[in-house]
Amino acid sequence: MRWFTGVVFTGVVVVLLTGSLDACTAGTQPVPDSTSASLSTGAASASSGSGTSSAAGAPTAGVPPTSSPSAPTGSGHGVDPLSGWTLEEKVGQIVMVGVSTSAPQRSSHDVVASAHVGNVFLQGRTSAGRQRVAALVHWFTDQVPSGATHGAPMIVATDQEGGLVQTLSGDGFSAIPSALEQGGLPPAELRSAAASWGSELAAAGVTLDLAPVVDVPTEGGAASNAPVGALRRAYGFAAADVEAHADAFTDGLAGAGVAVAPKHFPGLGRVTGNTDSAAGVVDDVTDASSEQVQVFRHEVARGARFVMVGTASYARLDPGTPAAFSPAVVQGLLRGQLGFSGVVITDDLSGAAQVAAWSPGDRAVKAIEAGCDIVLASKDPSVVPAMVSALVERARTDPAFAAQVDQAARRVLAAKGVA
């Protein structure tokens, strides 16, 4: 028996590396109806039946609640949490690999099993239901050799915003309305609903939801704002509305032990192109005083543990440089002016058209140089070995970069409750 992400799994999983989620989880014994575990960051409980379940308001293993102060960069106890770690093991902590929910790829499995990658992202769409998603999570978390991550748990993330962006559905998962519809609810009602959605994620083994979207499009420009407004991913068209509903969503998930990552810093509400499918996406309006940035300032002040930085470029902040590659955006604005000390995770750097001009290895190195802590490769896991190799090679030859890798790894471990 092994403990992972606050949920106990006792079945033997048949490891099939192709086919559907159903095939991946064939032969898995049912997840127990009700289990709980006392962990370093608190006790969590989850149910595998249909409907909602409760995590008793406790933090999920590996990710403390979002209402607590931003994660520190060291242990605070005089003991370096990276003591005894190899460079390869450290690099594994600052990478997150995508796992298809429809046909898990061998490349995803291999980097978890052999390259020390300590974080996964459930991507795509599945209606297989919560029990099978939980078995998929177990299938990946169980690939980590017992000593490979020095006992550090795995972050299991997904996109569960609602509306057109809901990765997990089927038995045991609610149909979540779009953020725009959520924005029409009283915050207290949204908080209650989000608590149920969070309990469903916790029961499936998910510890981090890459949400809420806190970008602020204008009402008149929403239809032409491809990544957010056109997809109804915004809570509203005024900073106060976005803050109130993003806070309710965050608090609801936190009560179920699931952390969040407000996105896409410094804001995608004023662009037209979608960085996933278009290159040359530029925001020529947003600056450090813009309302989109002020929403992130609010989230940081509330104690955000994670923030996702986007890949659009910002003419008034760092012209020509994708935000995830920009020290001015990450170090200067997010960490410096806003005071964020938690984990900065990038938007996808594996398949996004916006960053296709750089090699996968250069994308990873540039993100860490800019001050990011986790390189997300959600769409194309086959590029992760190149990213890992580039990070390791650069750290071996550049002491300053090696120090950045260590700092990023410490932040990630702190967020996992390892100190």
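Those letters in the sequence shown? Residues 732 to 1150, per the numbering used here, in order.
Positions of the beta carbon are idealized from the N, C-alpha and C atoms, including for glycine.
This structure is a prediction, so every number in the text was calculated from the model and none was measured.
### Query
Cα separation between A1121 and P917?
Taking the sequence shown and counting its residues from 1, the one referred to as residue 1121 is at position 390. Taking the sequence shown and counting its residues from 1, the one referred to as residue 917 is at position 186. Going from the Cα of A1121 to the Cα of P917 covers about 48 Å.
### Query
Roughly how many angstroms lie between the CA atoms of K1097 and R1028, to the nearest whole one?
In the sequence shown, the residue the question calls residue 1097 occupies position 366. In the sequence shown, the residue the question calls residue 1028 occupies position 297. Distance between the alpha carbons of K1097 and R1028: 24 Å.
### Message
Taking its Cβ as the centre, do 16 or more other Cβ atoms sit within 10 Å of L1207, making it buried, or is it exposed?
### Response
Given that the chain is displayed from residue 732 to residue 1150, the structure contains no residue 1207 and the question cannot be resolved.
### Task
For the region 1044-1051 and the region 1070-1084, state whether three or more C-beta atom pairs, one from each stretch, are separated by less than 8 Å.
no
### Residue nearest to V1115 in terms of C-alpha spacing, selected from L921, G983, G1092, D978
Numbered from its first residue, the sequence shown carries residue 1115 at position 384. It is G1092.
### Three CB pairs or more closer than 8 Å across the region 848-864 and the region 819-831
yes
### Query
Pick from G1000, P993, V1026, A888: whose alpha carbon is nearest that of R1036?
Against the sequence shown, residue 1036 aligns to sequence position 305. The option with the nearest alpha carbon to R1036 is P993.
### Query
Ends of the alpha helix (DSSP H) at F871?
Taking the first residue of the sequence shown as position 1, residue 871 is located at position 140. Taken as a continuous stretch (DSSP letters only), the alpha helix (DSSP H) holding F871 covers 861-872.
#### Entry: Endpoints, beta strand (DSSP E) assigned at A925
Numbered from 1 along the sequence shown, position 194 holds the residue referred to as residue 925. A925 -> not in any beta strand (DSSP E); alpha helix (DSSP H) instead, spanning 918-934.
#### Entry: One or two residues paired with S1008 in a DSSP bridge
Walking along the sequence shown from the start, residue 1008 turns up at place 277. For S1008, which the question treats as bridged, DSSP gives no partner whatsoever.
### N- and C-terminal bounds of the alpha helix (DSSP H) containing M1118
Along the sequence shown, one-based indexing puts residue 1118 at 387. Per DSSP, M1118 belongs to the alpha helix (DSSP H) from 1115-1128.
### Message
One question on the structure: do F968 and V1002 come within less than 8 Å of each other, judged by their Cβ atoms?
### Response
Within the sequence shown, the letter at position 237 stands for residue 968. Within the sequence shown, the letter at position 271 stands for residue 1002. Cβ distance not < 8 Å, so F968 and V1002 don't count as in contact.
#### Entry: Element boundaries [beta strand (DSSP E), containing I1105]
Looking up residue 1105 in the sequence shown gives position 374. First-last for I1105: undefined, no H or E at that position.
### Query
Run through DSSP, which three-state label would L1147 get?
As a first step, residue 1147 must be located in the sequence shown, where it is residue number 416. Sequence check: residue 1147 is Lys here, not Leu. Residue state, collapsed to three classes: coil.
### Three CB pairs or more closer than 8 Å across the region 896-914 and the region 859-867
yes
#### Entry: Exposure of P790, with buried meaning 16 or more beta-carbon neighbours within 10 Å
Stepping through the sequence shown from its first residue, residue 790 is reached at position 59. The predicted model places P790 with a pLDDT of 34, which falls under 50 and marks its position as unreliable; any figure quoted below should be read in that light. With 16 or more other Cβ atoms within 10 Å, it is buried.
### Query
In terms of residue numbering, what span does the beta strand (DSSP E) encompassing G893 cover?
Locating residue 893 in the sequence shown gives position 162, where the first residue counts as 1. Taken as a continuous stretch (DSSP letters only), the beta strand (DSSP E) holding G893 covers 891-893.
### Task
For A954, collect the residues of the same chain with a Cβ closer than 8 Å to its Cβ; drop the 5 residues on either side in sequence, then sort them by chain order.
Along the sequence shown, one-based indexing puts residue 954 at 223. Cβ neighbours of A954 beyond the five flanking positions: G960, A961.
### Task
Keeping to the same chain, check which residues put their C-beta closer than 7 Å to that of P812; ignore five residues upstream and five downstream.
As a working mapping, residue 812 is identified with position 81 in the sequence shown. Cβ within range, chain order: S806, R1141, L1144, V1149, A1150.
### Task
Note down the Cα distance separating V1136 from L1107, rounded to an integer number of angstroms.
In the sequence shown, the residue the question calls residue 1136 occupies position 405. In the sequence shown, the residue the question calls residue 1107 occupies position 376. For V1136 and L1107, the distance between alpha carbons rounds to 15 Å.
### Message
Give me, in chain order, the residues of the same chain whose beta-carbon lies closer than 6 Å to that of E974; leave out the 5 immediate sequence neighbours on both sides.
### Response
Your numbering for residue 974 matches position 243 in the sequence shown. V1026, H1029, listed in sequence order.
### Task
Go to S831, then tell me how far its alpha helix (DSSP H) extends in each direction, as first and last residue.
As a working mapping, residue 831 is identified with position 100 in the sequence shown. Element bounds for S831: not the alpha helix (DSSP H) but the beta strand (DSSP E), 826-831.
### Message
Can you tell me whether S776 is buried or exposed? The criterion is at least 16 other CB atoms within 10 Å of its CB, across all chains shown.
### Response
One-based indexing of the sequence shown puts residue 776 at position 45. Here the model assigns S776 a pLDDT of 29, short of 50, so the residue's position is not dependable, and the following value carries that caveat. S776 is buried by the Cβ-count criterion.
### Message
I'd like the span of the beta strand (DSSP E) that includes L984, first residue to last.
### Response
Translated into positions along the sequence shown, residue 984 becomes position 253. L984 -> not in any beta strand (DSSP E); alpha helix (DSSP H) instead, spanning 970-986.
### Task
Quickly, what does DSSP pair T857 with across the bridge? List them, please.
The residue given as residue 857 occupies position 126 in the sequence shown. In the DSSP output, where bridge partners are listed per residue, T857 has L899.
#### Entry: Alpha-carbon spacing of F1132 relative to R964, whole angstroms
Counting from one through the sequence shown, the residue named residue 1132 turns up at place 401. Counting from one through the sequence shown, the residue named residue 964 turns up at place 233. C-alpha separation (whole angstroms): 36 Å.
### Task
Verify whether the separation of the beta carbon atoms of L1080 and A1095 is less than 8 Å.
The count along the sequence shown starts at 1 and reaches residue 1080 at position 349. The count along the sequence shown starts at 1 and reaches residue 1095 at position 364. Result yes, Cβ atoms of L1080 and A1095 sit closer than 8 Å.
#### Entry: Under 8 Å between C-beta atoms of F871 and V843
Sequence index remark: in the sequence shown, residue 871 carries index 140 (1-based). Sequence index remark: in the sequence shown, residue 843 carries index 112 (1-based). Cβ atoms of F871 and V843: closer than 8 Å.
### Query
Of the residues A1139, R1125, A1126, A1117, which one's Cα is nearest the Cα of A846?
Along the sequence shown, one-based indexing puts residue 846 at 115. Considering only alpha carbons, the answer is A1117.
### Query
Going along the chain, which residues of its own chain have a beta-carbon closer than 6 Å to the beta-carbon of S909, five neighbours each way excluded?
For the purposes of this step, residue 909 is taken as the residue at position 178 of the sequence shown. Around S909: G893, G894, R963.
### Query
To which residues of the same chain is A1084 closer than 8 Å at the C-beta, ignoring the five residues directly before and after it?
Start at 1 with the first residue of the sequence shown, and residue 1084 comes out as number 353. T1006, D1007, S1008, A1009, A1010.
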